[in-house]
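See below for the structure under consideration.
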Amino acid sequence: MSIADPAPGLPGFVHLYSGKVRDLYAPIGDDGRAREDQLLLVASDRISAFDFVLEPAIPDKGAVLTQLSLWWFEQLASIVPNHVLSTDVPAEVAGRAVLVRRLEMLPVECVARAYLTGGGLREYAADGHVSGIRLPEGLVDGSRFDQPIFTPSTKAPQGEHDEPMSYAAVEAAIGSGLAARARELTTAILARGNEIAAERGILIADTKVEFGVVDGELVLADEVLTPDSSRFWPADQWEPGHTQPSFDKEFVREWLLSPESGWDKASGEAPPPLPEDVVERTRAKYVEAYERLTGTTFAR
Ligand code: PZK
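Following numbering that gives the first Met the number 0, the numbering of the sequence shown begins with 0 at its first residue and continues without gaps.
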C-alpha cells in the first residue's frame, strides 16, 4: 500500500522543500525559471506528535492554520510588517497557501515565553536560568511570567532539535541592533497575542516566530501564533503545577499514550493510525481555536 505524495507537483511552481507538515514552492516566472523574489507556503493537513507525522491527516487543518495566521498578521500589522503578498493561489491549495515575499531570514529561531513549560522548564529545573535569564525561585510547570521573556534557539538541521541560544550568541550572530529589535518584536507579538486571546478564553504559553530582513528592518515571516508554532491552553483549565492540557493535540496525545493505541512511545516505532473519532475531535479543536480567536465561523 502506498501513501499520498506529501508534496504533489503544483503546475506553475517548483517544489523547493517540505517540512513535517508544510511545503515550500517557488513560482515559475515569465522567463520559465523559478522566481527568486517570491515563495508559496503551503500548509498541509498533516499533524505531528511526539516527533512523528501521523496518519491520517486532519481535514481542514492546513486551511484553518493558514487563515488563522493571516488573521494574526492583520492584528499585528501596527507592531510589525509581514511577508504576505497575496492569497490568490492555485485551486489545489486554495485557502491553505500564501504567496509571500522571499526574504533574507535571520539564522535564529525567535522564541518568546509567557508561561514556563516544555524546554524552558527543563532548563529552569537544571539551574534556575532560561536562555541565560535568571528566573525567580519556586516556579513550576505552567507558571506565568510578569512579562514574556525572549528565549531564542538555533535553527537545527531537519530531524534535529533546536538548541537554546544565549542572547549574547544572538548578538554575535546578527549584530546587537537586530538582536535587540528581534527581542523587542518577539516579546511584543506574544504580549499582544495574549491580550487578544485572553478575551476569548485562550492562553498562549509560548511562540516561535521567524523574521526576514529588508533594508535593515525586520519583517515577520512564516506562520504566526498558530497551534503549530505556539502552545495554546484553555484559560479556564490553567492550573500551574502540572502539564497543561494542549488545546489542539490533547486527544491525539491522550489516545497515543493510552493502552487502546497499543503503541509504546519508547519503542521508536511509528505510531498506529488515529481512530476516526480522534481525527474528528482534533479537527473540531482547530476549528474552535480559529472561531474563538477570530470571532468568525470557519467556512470549509
Ligand atoms: C522560509 N521557511 C520555513 C515554511 C516549509 C518551510 N518569506 C520567506 N523568505 C525566505 N524563506 C522563507 C520565508 C518564509 N516564510 C520559511 N523556510 C524558508 C518553511 C513553510 C514550509 F516547508
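The beta carbon of each residue, even a glycine, is placed where N, CA and C say it ideally should be. The structure presented is a predicted model; accordingly, all values stated were derived computationally and were not measured.
beta-carbon R180 near the ligand PZK non-hydrogen atom, thresh 6 Å: no
Inter-residue spacing [alpha-carbon to alpha-carbon] between P151 and T186: 11 Å
In three-state terms, what does DSSP make of E198? coil
If we ignore side chains and look at the alpha-carbon of each, how far apart do G8 and P58 end up? 20 Å
Rounding to the nearest angstrom, what Cα-Cα distance links I201 and Y166 in this structure? 29 Å
Whole-angstrom Cβ separation of Q243 and W232, contact assumed at under 8 Å? 5 Å
Going by DSSP, what residues sit across from D205 in a beta bridge? R112
Count Cβ pairs between the stretch 87 to 102 and the stretch 26 to 39 that sit closer than 8 Å; are there 3 or more? yes
K284 vs D247 beta-carbon contact at 7 Å: yes
How many Å lie between G119 and D29 at the Cα? 47 Å
Exposed unless 16 or more other CB atoms sit within 10 angstroms - verdict on Y16: exposed
Would the C-beta of Y24 count as close to the ligand PZK, meaning under 6 Å from any of its heavy atoms? no
Just the Cα atoms here: how many angstroms apart are A197 and L105? 30 Å
Return the Cβ separation of R95 and V41 in integer angstroms, given the expectation that the two are a contact with Cβ distance under 8 Å. 6 Å
Helix, strand or coil for E279 per DSSP? helix
With a cut-off of 7 Å, does the C-beta of G11 fall near any C-beta of chain D? In the displayed structure, chain D is absent; only one protein chain is listed.
Could you give the DSSP three-state label for F51: helix, strand or coil? strand
According to DSSP, what are the bridge partners of G211? M104, V218
Given 6 Å as the limit, tell me if L102 has its C-beta closer than that to any heavy atom belonging to the ligand PZK. yes
When DSSP labels each residue in this structure, what does P258 get in the three-state scheme? helix
Between H14 and the ligand PZK, is there a pair consisting of the residue's CB and a ligand heavy atom that are separated by less than 6 Å? no
Please report the straight-line C-alpha distance between G240 and G141, rounded to a whole angstrom. 6 Å
In chain order, what residues of the same chain have a beta carbon less than 8 Å from the beta carbon of I173, not counting five sequence neighbours either side? L105, P106, V107, A181
Boundaries of the alpha helix (DSSP H) in which I148 is found, first to last residue: Here I148 belongs to no alpha helix (DSSP H); instead the beta strand (DSSP E) covers 143 to 149.
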